[in-house]
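In what follows, a structure is listed as structure tokens, so that the remarks can point back to it.
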Amino acid sequence: MRTVLITGAAQGIGLAMARRFLAGGHAVVASDRLSDGLEQLRADAPDRIAPIVQDVTADSAPEEAVALAVARFGRLDVLVNNAGIGRAKPVGEERDEDLDRFLAVNVRAPLRYTRAALRAMEPGASIVNVASIFGFRGSAGAGVYSVTKAAMVGLTRQMAADYGPEGIRVNAVAPGVTRTAMTADRIDSGEPAFQRLMVNTTPFPRVGTPEDIANGAFFLASEEASFISGHVLVIDGGWLAANAPRN
Ligand SMILES: NC(=O)c1ccc[n+]([C@@H]2O[C@H](COP(=O)([O-])OP(=O)(O)OC[C@H]3O[C@@H](n4cnc5c(N)ncnc54)[C@H](O)[C@@H]3O)[C@@H](O)[C@H]2O)c1
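Numbering (the numbering used here), first residue to last: 53 to 299.
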């Protein structure tokens, strides 16, 4: 049994990841600022779940989550930096406090959780970051969100270089359009620009599910990926590869 710390685990992709790791027999420390979502995980595996309600930007949050993993399960094997916020404006229209918020949640927090986790990790441990297709390509409306996700791609590669010698692998998943609270209204409303730029340009004829992304993260953290490091696994139904309308 390995111990996995997942941020943003109360809903969407993070919740699916928590369920995937629990189903794989692992122990999960599930972190989020929303307590309701975390509580539903107790039913899945009460003995192997440790919820922790915290804002990932709080100074003490990373150390508290890592300490919980060690206190409750005796070790930390995997960190998944999943918590994130979307809905940016064009960079030229963002206020300073919005820029700061995006950077704090999407970049600074993952860096700080990584630093705290490394202190508890041993050779064989691994980190999975959550980037985005917007880490590779700009798109109308993606704004500073795109900047933060490109930073996660850079962080993944840099951490793989820095911590590979210690036997720690660092990878990322880069989801395409995935149905969660972050996207569901735009998917369901048929918002023309979103349909044209994101949905109709995904070759595979559906949007992603949180489980699609969770399966990728589970693989990257597994023994089957034991020589994969510095890799960004794009899970997008072919959006990045094609970039052309389906119909
Ligand atoms: N849904 C998509 O289409 C998509 C595409 C690419 C990348 N992503 C990335 O996947 C990750 C998960 O997103 P999602 O789609 O599941 O969104 P979501 O909004 O459903 O879930 C995000 C979770 O992170 C938590 N969170 C956000 N800010 C937090 C904070 N300051 N402290 C503690 N918890 C916080 C939220 O409470 C929520 O539970 C994000 O990093 C997002 O950027 C999503």
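Even glycine gets a Cβ: it sits at the ideal position worked out from N, Cα and C.
Keep in mind it's a predicted model, so treat the numbers as computed, not measured.
Per-residue burial, residue i [other beta carbons within 10 Å of its own, 16 or more giving buried]
i: ASP152; result: exposed
i: GLY64; result: buried
i: LEU207; result: buried
i: PRO175; result: exposed
i: VAL229; result: buried
i: PHE256; result: exposed
i: VAL143; result: exposed
i: SER278; result: exposed
i: ARG221; result: buried
i: ARG72; result: buried
i: GLY289; result: buried
i: MET53; result: exposed
i: LEU86; result: exposed
i: GLY89; result: buried
i: SER198; result: buried
i: PRO244; result: exposed
Anticipated Cβ contact below 8 Å, residue i with residue j, distance rounded
i: ARG209; j: GLY282; result: 5 Å
i: VAL81; j: ALA110; result: In fact, because the Cβ distance is near 16 Å, the residues do not count as touching under 8 Å.
i: ALA135; j: GLY187; result: In fact, because the Cβ distance is near 16 Å, the residues do not count as touching under 8 Å.
i: ALA296; j: THR253; result: 7 Å
i: LEU292; j: ILE280; result: Contact flag wrong, Cβ pair sits at about 19 Å.
i: PHE154; j: VAL196; result: 5 Å
i: ALA62; j: ASP84; result: 4 Å
i: ALA38; j: ASP129; result: Because the chain here runs from 53 to 299, residue 38 falls outside it and cannot be looked at.
i: THR200; j: ASN158; result: 4 Å
i: ALA172; j: VAL122; result: 6 Å
i: GLY76; j: PHE246; result: Between PHE246 and GLY76 the Cβ distance is about 33 Å, and since that is not below 8 Å, they are no contact.
Beta-carbon proximity of residue i to residue j, cut-off 8 Å
i: LEU74; j: LEU131; result: no
i: GLY138; j: MET234; result: yes
i: VAL225; j: ALA194; result: no
i: TYR165; j: THR55; result: no
i: ILE265; j: ILE287; result: yes
i: LEU120; j: SER191; result: no
i: ALA79; j: PHE125; result: yes
i: LEU163; j: TYR215; result: no
i: ASN223; j: VAL180; result: yes
i: VAL259; j: ARG298; result: no
i: ALA68; j: GLU263; result: yes
CB contact below 8 Å: residue i versus chain D
i: PRO162; result: No chain D appears in this structure, which consists of one protein chain only.
At a cut of 8 Å, does the stretch 89-107 reach the stretch 136-156 through at least three beta carbon pairs?
No, the stretch 89-107 is not in contact with the stretch 136-156.
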